[in-house]
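Here the structure is laid out as structure tokens; the discussion comes afterwards.
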Amino acid sequence: MRVAVVGSGPAGGYAANALLQHRNVEVDVYDRSHAPHGLIRYGVAPDHQETKRIADVFPFARARLHLGVEVGKHSSHDELLEFHHAVIYATGAEVDNRLNIPGEGLPGSHSAREFVAWYNGDPEHAGREFDLSTERAVIIGNGNVALDVARILTTDPEQLASTDIADPALAALRASRIREVVVLGRRGVDHAAYSTAEFLALVDRADIDVVVDADELASPGRAGQPDAAGQDSPLARLRLDIVREAAARKPTGADRRIIFRYLASPVEILGDGRVTGVRIVRNEVSVDGDGVARARPAGVYGTIDAGLVLGSVGYRGSAIAGLPFDDGTGVMPNVAGRIVDPRTHDEIPGAYAAGWIKRGARGVIGSNKVCANETVESLLADYLTGRLETPSPPSPTFCVRPAKG
Ligand code: FAD
0 MRVAVVGSGP AGGYAANALL QHRNVEVDVY DRSHAPHGLI RYGVAPDHQE TKRIADVFPF
60 ARARLHLGVE VGKHSSHDEL LEFHHAVIYA TGAEVDNRLN IPGEGLPGSH SAREFVAWYN
120 GDPEHAGREF DLSTERAVII GNGNVALDVA RILTTDPEQL ASTDIADPAL AALRASRIRE
180 VVVLGRRGVD HAAYSTAEFL ALVDRADIDV VVDADELASP GRAGQPDAAG QDSPLARLRL
240 DIVREAAARK PTGADRRIIF RYLASPVEIL GDGRVTGVRI VRNEVSVDGD GVARARPAGV
300 YGTIDAGLVL GSVGYRGSAI AGLPFDDGTG VMPNVAGRIV DPRTHDEIPG AYAAGWIKRG
360 ARGVIGSNKV CANETVESLL ADYLTGRLET PSPPSPTFCV RPAKG
């Protein structure tokens with residue numbers, strides 16, 4: 000059996016691994032990037048080198064790796080299917096969710112992912128410039144990426160020099176005047192998306208002050224009530240304890256600090272020609288009938304002065320021509336990895352999805368293993384029950400047009 004895997008990030012890597020456990024399976028991996036490993040290479044922060052080593056388990060040496068090939072542009076789904084029994088799409092979620100507030104397009108306002116791709120040396124973001132000449136930056140969002148960016152902006156650059164951080168980013172950080180990073184979360188600490196371990200690692204740093212305003216830990220709308228979304232788990236309580244402890248600490252006077260603000264949403268990015276600050280509104284949180292906690296403006300406004308604003312409010316996938324795509328959720332509609340027509344629920348023969356394009360931009364690298372394994376199980380079951388068409392024999396002349404550059 001021959002399978003094409005589109006995307007060489009964690010989902011593509013784990014899918015190739017699961018396929019190559021079987022004898023007589025050949026795998027072609029395609030990636031639009033000129034280097035493999037997706038967000039492991041261009042997303043994971045440079046001071047997390049052990050995490051980047053996860054990519055060592057991907058079996059690309061035993062697969063045929065085609066880099067610089069964008070499926071949907073240089074090659075189509077039908078072309079891949081002509082020479083493979085099946086195609087697994089593991090194309091991730093590469094589109095940033097927008098803040099949709101006035102001022103978002105001002106110079107000095109960027110997505111956190113652009114900043115991450117720049118410090119990780121992604122060639123698509125080489126030559127980018129981020130203004131680090133003011134004292135304060137604001138990060139909008141409360142996930143692990145927001146914490147990564149806050150940490151990189153406040154770490155002594157000499158500690159990053161031994162990592163694989165891109166040289167231009169290191170040079171810019173050495174010249175940076177940023178001393179304070181404000182991380183804004185629209186809901187309370189109990190709904191923050193970052194992991195407790197990442198927060199704890201920050202609080203434990205002797206070189207950075209982590210500041211939390213105790214007043215913002217109590218949500219006016221929730222009055223400490225647990226909700227049906229399971230936020231009152233022991234882990235959530237542990238996190239609340241850790242954040243409360245951080246709120247009770249006195250700043251040590253460290254040269255750099257990270258300020259966590261909860262229950263606050265940006266309503267406008269301020270500036271005339273370039274960013275000068277963010278106008279925020281205080282929120283209250285209430286839990287609706289579905290058990291989902293929603294933030295609503297409570298009518299109290301304020302302003303944070305800043306020269307750099309980075310939005311970190313999630314990602315969505317993008318469509319591949321000729322295949323179904325759910326615009327609402329930003330994923331390829333699927334059942335256990337089999338891509339389906341969302342109206343009829345009919346399976347699209349030979350088309351599968353894994354990773355963030357299958358289930359949305361949630362979860363750490365390891366979550367993609369279970370996800371990719373499920374997809375490969377569906378694919379193997381379809382092969383064994385004769386539901387996959389036999390493709391043309393591999394042709395030495397079959398070649399996709401390589402991307403320029
Ligand atoms: P991706 O890793 O995005 O891989 C998708 C691949 O598909 C890319 O290589 C892309 O070039 C390719 N591709 C896209 N479209 C096409 C196309 N049309 N044709 C060919 N190729 C295509 N998790 C952790 O556990 N630890 C961390 O430290 C961590 N840091 C993160 C930092 C950031 C900034 C982000 C956004 C996420 C981070 N995560 C981390 C989460 C983790 O990266 C994801 O769970 C994981 O990368 C999702 O895997 P994926 O394979 O679905 O997508």
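Counting along the sequence shown from 1, when you hit position 334 you're at 333 in numbering that gives the first Met the number 0, and nothing is skipped either side.
For each residue, glycine too, the CB sits at the ideal point set by N, CA and C.
Let's see if you can read the secondary structure: which residues bound the alpha helix (DSSP H) around Leu408? In this structure the chain extends from 0 to 404, so residue 408 is not present and cannot be described.
Check the DSSP bridge columns for Arg256 and list the partner residues they point to. Glu179 and Asp208
DSSP state of Ile241 mapped onto helix, strand, coil: helix
Gly142 versus Phe129: straight-line alpha-carbon distance, rounded: 21 Å
Measuring only the C-alpha atoms, how far is Gly306 from Leu64? 42 Å
Between the C-alpha atoms of Ala54 and Asp214, what's the straight-line distance to the nearest angstrom? 42 Å
Starting from the Cα of Leu159, find the closest Cα among Asp121, Thr275, Gly184 and Asp46 and give me that residue. Asp46
For His83, count neighbouring Cβ atoms within 10 angstroms of its own Cβ and tell me buried if that reaches 16, exposed if not. buried
Label Pro332 either buried or exposed according to how many other C-beta atoms from any shown protein chain fall within 10 Å of its C-beta, with 16 as the threshold for buried. buried
Under a Cβ-count criterion, where at least 16 other Cβ atoms within 10 Å of its own Cβ denotes burial, should Pro35 be classed as buried or exposed? buried
Return the first residue and the last residue of the beta strand (DSSP E) that His65 is part of. Arg63 to Leu66
Quick one: complete beta strand (DSSP E) runs, 3+ long, within the segment 1 to 85? 1 to 5, 25 to 30 and 63 to 66
DSSP three-state assignment for Pro296, whether helix, strand or coil: strand
Cβ neighbour criterion (16 or more within 10 Å) applied to Thr389: exposed
By a C-beta neighbour count over all protein chains shown, 10 Å radius and 16 as the cutoff for buried, is Asn119 buried or exposed? buried
Measuring alpha carbon to alpha carbon, tell me which of Ala353, Tyr382, Leu379 and Arg281 ends up nearest Val369. Ala353
Can you name, in chain order, every residue of its own chain whose Cβ lies under 6 Å from the Cβ of Ile258, other than the five neighbours on each side? Val181 and Val210
Distance check for Pro393 and Gly104, CA to CA, integer angstroms please. 48 Å
Using 9 Å as the threshold, is the C-beta distance between Gly359 and Thr328 below it? yes
Could you check the C-alpha separation between Ser317 and Ala253 for me, to the nearest Å? 43 Å
8 Å CB neighbourhood of Tyr193 in its chain, flanking five on each side removed: Asn141, Gly142, Asn143, Ala145 and Leu146
Can you look up Arg278 in the DSSP assignment and give me helix, strand or coil? strand
Could you check the C-alpha separation between Asp95 and Glu244 for me, to the nearest Å? 33 Å
Compute every distance between the C-beta of His373 and the non-hydrogen atoms of the ligand FAD, then say whether any falls below 8 Å. Checking the sequence, you will find Glu at residue 373 rather than His. Every heavy atom of the ligand FAD is 8 Å or more from the Cβ of Glu373, so no.
For Leu309, tell me which candidate among Asp287, Val274, Ile241 and Arg186 has the shortest Cα-Cα distance. Val274
For the ligand FAD, I want to know if Ala353 counts as a neighbour, meaning its beta carbon is within less than 8 Å of at least one of the ligand's heavy atoms. yes
Tell me which residues share the same chain as Arg256 and place their Cβ nearer than 8 Å to its Cβ, disregarding the 5 neighbours each side in the sequence. Thr153, Arg178, Glu179, Val180, Ile207, Asp208, Val209, Val210 and Pro250
Residues bridged to Tyr351 (per DSSP): Ile87 and Arg337
Taking 9 Å as the threshold (C-beta atoms), are Ser377 and Ala350 in contact? no
Neighbourhood of Asp226 by C-beta distance below 6 Å, restricted to the same chain and skipping five residues each side: In this predicted model, Asp226 has a pLDDT of only 39, less than 50, meaning its place in the structure is not dependable enough to derive any value.
Where does Asn99 fall in DSSP's three states? coil
Roughly how many angstroms lie between the CA atoms of Asn367 and Pro9, to the nearest whole one? 6 Å
Taking just the CA atoms, how far does Phe59 sit from Gly270? 47 Å
Grab the span of the alpha helix (DSSP H) containing Glu197 for me, first residue to last. Thr195 to Val202
Could you check if Ile338 belongs to the surroundings of the ligand FAD, using beta carbon to heavy atom distance under 8 Å? no
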